[in-house]
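Asks:
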Amino acid sequence: MTLIIAACLLDVVLGDPAYRLHPVRLIGDLSTAIERQLFARGWNQRSGGVLHLLLVLTVALTVWLGIRASLSLVHPHLVFIWDLYLAASLLCLRDLIVQGKRILSLLDDLPAARQQLKQLVGRDTAPLQQDGIVRATMESLAENLTDGVLTPLWALCLFGLPGLIVVKVISTLDAMVGYQNERYQRFGWAAARCDDWMHWLPARISVVMIAMVAAWQRLHPLLALRTAWRYHALLPSPNSGWSEAALAGALRVRLLGPVWRDGQLINERFIGEPEWPAQLTAVELRQALWLILGCYPVALMIGLVLANSL
Numbered sequence: 007m008t009l010i011i012a013a014c015l016l017d018v019v020l021g022d023p024a025y026r027l028h029p030v031r032l033i034g035d036l037s038t039a040i041e042r043q044l045f046a047r048g049w050n051q052r053s054g055g056v057l058h059l060l061l062v063l064t065v066a067l068t069v070w071l072g073i074r075a076s077l078s079l080v081h082p083h084l085v086f087i088w089d090l091y092l093a094a095s096l097l098c099l100r101d102l103i104v105q106g107k108r109i110l111s112l113l114d115d116l117p118a119a120r121q122q123l124k125q126l127v128g129r130d131t132a133p134l135q136q137d138g139i140v141r142a143t144m145e146s147l148a149e150n151l152t153d154g155v156l157t158p159l160w161a162l163c164l165f166g167l168p169g170l171i172v173v174k175v176i177s178t179l180d181a182m183v184g185y186q187n188e189r190y191q192r193f194g195w196a197a198a199r200c201d202d203w204m205h206w207l208p209a210r211i212s213v214v215m216i217a218m219v220a221a222w223q224r225l226h227p228l229l230a231l232r233t234a235w236r237y238h239a240l241l242p243s244p245n246s247g248w249s250e251a252a253l254a255g256a257l258r259v260r261l262l263g264p265v266w267r268d269g270q271l272i273n274e275r276f277i278g279e280p281e282w283p284a285q286l287t288a289v290e291l292r293q294a295l296w297l298i299l300g301c302y303p304v305a306l307m308i309g310l311v312l313a314n315s316l
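If you're matching positions, the sequence shown starts at 7 in our numbering and goes up one per residue.
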């Protein structure tokens, strides 16, 4: 439990600075190297994707254990420092809030806001005006509440650092190879399915958390629950629609709307009731940031209960 609290405090206070040897970047480098070798040998189908996932997981866990064992020979306190460094590096609440605040500060400079938004979303940002930038940012905040905060935190609480490493490896591989394109449609199947499975429960719990925090912040908790149930299936992901729709209901706004990718309009539907506003501004984005931030202590309390029950 000490590791969990210390890692969360470091994440909140210091964030997660970008540098070349960051653990997630190293996982990405490892993934690319193994993928290249498998493709060169013709292992580019589902079986190759499964092997790719298993190899990256095995190497990541082996490196963690190997460094841990080496440090234990020097001094046992170094083992805790190593685990703390890794845990804090793999949690990312502060970075999520910081990204949202940067976009909030740039809303009067649309070109700069669009450029910053590229750090959060995969859609085309060039066609977006202020309302589209705000909606896309709020959607990313809600989706990453599950993917980047709840699942990693609860994996750490339930399964220790190995559980957190497994979650971050799978999330990283899904981001790298889990695409429905010609190269990765079959090879990325294992990473994409594992990512869906591990976020399934946290995504649905996030709806209740958003509703709880909405009640505390005097927003619209019942609408959060109702909108999540009614609109979650508008997104192709089996998980991200739950938290995004809950956030829309909690703030009584419409999200999603026109989405462009690679120059093609891929969506025009909105999450939320037709009479709710979609022309969103800094006011709604600031509310969303406070709501997402309010979910963190709730998530941590749940995690500590889970850790204490083991």
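Built from N, CA and C at the ideal position, the CB exists for glycine as well.
According to DSSP, simplified to helix, strand and coil, what is N150?
Replies: Helix at N150.
Asks: From what residue to what residue does the beta strand (DSSP E) around N273 run?
Replies: N273 -> beta strand (DSSP E) spans 270 to 273.
Asks: Quick check on DSSP: helix, strand or coil for R317?
Replies: Only positions 7 to 316 of the chain appear in this structure, which leaves residue 317 out of reach.
Asks: Would you call the region 256 to 272 in contact with the region 284 to 297, where contact means no fewer than 3 C-beta pairs closer than 8 angstroms?
Replies: The region 256 to 272 vs the region 284 to 297: in contact.
Asks: Grouping DSSP H, G and I as helix and E and B as strand, with all else coil, what is L97?
Replies: Coil at L97, not helix or strand.
Asks: DSSP has I171 in a bridge; who is on the other side?
Replies: DSSP lists no partner for I171.
Asks: Would you give the residue range spanned by the alpha helix (DSSP H) that N314 belongs to?
Replies: N314 -> alpha helix (DSSP H) spans 288 to 315.
Asks: Got a sec? Which residues, its chain only, sit under 6 angstroms from A217 by beta carbon, not counting five neighbours each side?
Replies: These residues qualify, in order along the chain: P227, A230, L231.
Asks: Whose C-beta lies closer than 7 angstroms to the C-beta of L4 among residues of the same chain, with five residues either side of it excluded?
Replies: Nothing in the structure corresponds to residue 4, since the chain is present only between 7 and 316.
Asks: Which value, in whole angstroms, describes the spacing of the CA atoms of G300 and L225?
Replies: One C-alpha to the other measures close to 13 angstroms.
Asks: Quick check on F86: does DSSP put it in helix, strand or coil?
Replies: The answer is helix: DSSP assigns F86 an H, G or I state.
Asks: Tell me the start and end of each unbroken alpha helix (DSSP H) in the region 94 to 134 that is at least 4 residues and wholly inside, in chain order.
Replies: Segments of the alpha helix (DSSP H) lying fully in the region 94 to 134: 99 to 111, 116 to 123.
Asks: By DSSP, does F276 sit in helix, in strand, or in coil?
Replies: In the structure shown, F276 sits in a strand (DSSP, three-state: E or B).
Asks: With three or more C-beta pairs closer than 8 angstroms as the rule, is the region 135 to 148 touching the region 186 to 196?
Replies: With a cut-off of 8 angstroms, the region 135 to 148 and the region 186 to 196 do not count as touching, because too few Cβ pairs lie within range.
Asks: In angstroms with no decimal places, state the Cα-to-Cα distance between H28 and S95.
Replies: Spanning the two alpha carbons is a distance of roughly 8 angstroms.
Asks: Return the CA-CA distance between P244 and G21, expressed in angstroms with no decimal places.
Replies: When rounded, the distance between both Cα atoms is 29 angstroms.
Asks: Within the same chain, show all residues whose beta-carbon is closer than 6 angstroms to that of G309, passing over the 5 residues directly before and after it, in chain order.
Replies: Excluding residues within five positions, the ones whose Cβ falls inside 6 angstroms are L159, W160, C163.
Asks: Would you mind reading off the limits of the alpha helix (DSSP H) that contains V259?
Replies: Here V259 belongs to no alpha helix (DSSP H), and DSSP marks it neither H nor E.
Asks: DSSP three-state call for P283: helix, strand or coil?
Replies: It is coil, neither helix nor strand.
Asks: Whole-angstrom Cβ separation of A234 and A220, contact assumed at under 8 angstroms?
Replies: With 8 angstroms as the limit, A234 and A220 do not qualify as a contact, their Cβ atoms being about 11 angstroms apart.
Asks: Quick check on the burial criterion: 16 or more other C-beta atoms within 10 angstroms. Buried or exposed for L79?
Replies: The residue is exposed, with fewer than 16 neighbouring Cβ atoms inside 10 Å.
Asks: Classify K174 as buried or exposed, calling it buried when 16 or more other Cβ atoms lie within 10 Å of its own Cβ.
Replies: Per the 10 Å Cβ criterion, buried.
Asks: Under a Cβ-count criterion, where at least 16 other Cβ atoms within 10 Å of its own Cβ denotes burial, should E188 be classed as buried or exposed?
Replies: E188 comes out exposed.
Asks: As a quick exercise: from G166, L167, S212, Q135, pick the residue whose alpha carbon is nearest that of Q285.
Replies: Nearest C-alpha to Q285: Q135.
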